[in-house]
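Accompanying notes for the structure given below.
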Amino acid sequence: KNEVEQSPQNLTAQEGEFITINCSYSVGISALHWLQQHPGGGIVSLFMLSSGKKKHGRLIATINIQEKHSSLHITASHPRDSAVYICAVWATDKLIFGTGTRLQVFP
Amino acid sequence: EADIYQTPRYLVIGTGKKITLECSQTMGHDKMYWYQQDPGMELHLIHYSYGVNSTEKGDLSSESTVSRIRTEHFPLTLESARPSHTSQYLCASSDLAGRTDTQYFGPGTRLTVL
Numbered sequence: 059k060n061e062v063e064q065s066p067q068n069l070t071a072q073e074g075e076f077i078t079i080n081c082s083y084s085v086g087i088s089a090l091h092w093l094q095q096h097p098g099g100g101i102v103s104l105f106m107l108s109s110g111k112k113k114h115g116r117l118i119a120t121i122n123i124q125e126k127h128s129s130l131h132i133t134a135s136h137p138r139d140s141a142v143y144i145c146a147v148w149a150t151d152k153l154i155f156g157t158g159t160r161l162q163v164f165p
Numbered sequence: 007e008a009d010i011y012q013t014p015r016y017l018v019i020g021t022g023k024k025i026t027l028e029c030s031q032t033m034g035h036d037k038m039y040w041y042q043q044d045p046g047m048e049l050h051l052i053h054y055s056y057g058v059n060s061t062e063k064g065d066l067s068s069e070s071t072v073s074r075i076r077t078e079h080f081p082l083t084l085e086s087a088r089p090s091h092t093s094q095y096l097c098a099s100s101d102l103a104g105r106t107d108t109q110y111f112g113p114g115t116r117l118t119v120l
């Protein structure tokens, strides 16, 4: 069993829909990253959080340390949001990555 | 926008060749990392460095080697490439400001060994 699990693995949506991607982890962490990987392979860090909630534009990330769970929400989704979204946790000085959620948003 | 560069972006080579994947960053970051990612799979740390003349192996066993002679440069070398080395290699860097700092990723090198 992976130490970082994401769901769903694949997600399709119509433009404008509200999207939620979930991440659960089984190890003690000091922080959690949400990353976005586009088809070309480049990775962009979206959020790093250790408690509560962060918002950036149409993206919202929440974390519940007690439940070892984080969610990434996208409001008013757009085709340019199509990418792989990766959850990664900082545990004992290293990042442990989930396998990612592939999101496709259709016009 | 992060200033971290990788070359080449794509490389197709034959078995047995020696190759070096380049990674450079202009942010003055002390920490640098190499990750390997197979299609549809998670990233795995293969090497990291906390500064000049510091290199460590990561979690995933790798036949590659790295060097860190200058802060901005962290090349990865395969002495004799094999088809099992076919993968995407991602370089990243971060400040040494804290244990949980944001990593900035390069665009990746997609390597195919025939």
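Taken in order, these protein sequences are the chains called A and B. All the letters of the first sequence, read from the start, carry residue numbers 59 to 165 under the working numbering. All the letters of the second sequence, read from the start, carry residue numbers 7 to 120 under the working numbering. Positions of the beta carbon are idealized from the N, C-alpha and C atoms, including for glycine. Values in this document were obtained by computation on a predicted structure and should not be read as measured data.
{"Asked": "Under the three-state DSSP convention, the category S90 (chain B) falls into", "Found": "helix"}
{"Asked": "Within chain B, partners of F155 (chain A) - CB distance below 7 Å", "Found": "E48, L49"}
{"Asked": "Same chain, Cβ closer than 8 Å to I25 (chain B), neighbours up to 5 away in sequence not counted", "Found": "L17, I19, T83, L84, A87, L117"}
{"Asked": "Residues of the region 7-35 of chain B with Cβ closer than 7 Å to any Cβ of chain A, in chain order", "Found": "none"}
{"Asked": "Contacts of G100 (chain A) in chain B (Cβ-Cβ under 8 Å)", "Found": "F111, G112, P113, G114"}
{"Asked": "Neighbouring residues, chain A, relative to T108 (chain B) (Cβ below 7 Å)", "Found": "S103, M106"}
{"Asked": "Residues of the region 65-98 of chain B with Cβ closer than 9 Å to any Cβ of chain A, in chain order", "Found": "D65, Q94, L96, A98"}
{"Asked": "The region 63-70 of chain A contacting the region 111-123 of chain A, beta-carbon criterion three pairs below 8 Å", "Found": "no"}
{"Asked": "Per-residue burial, R74 (chain B) [other beta carbons within 10 Å of its own, 16 or more giving buried]", "Found": "buried"}
{"Asked": "Closest Cα partner of S129 (chain A) within the set A:F164, A:L104, A:Q162", "Found": "A:L104"}
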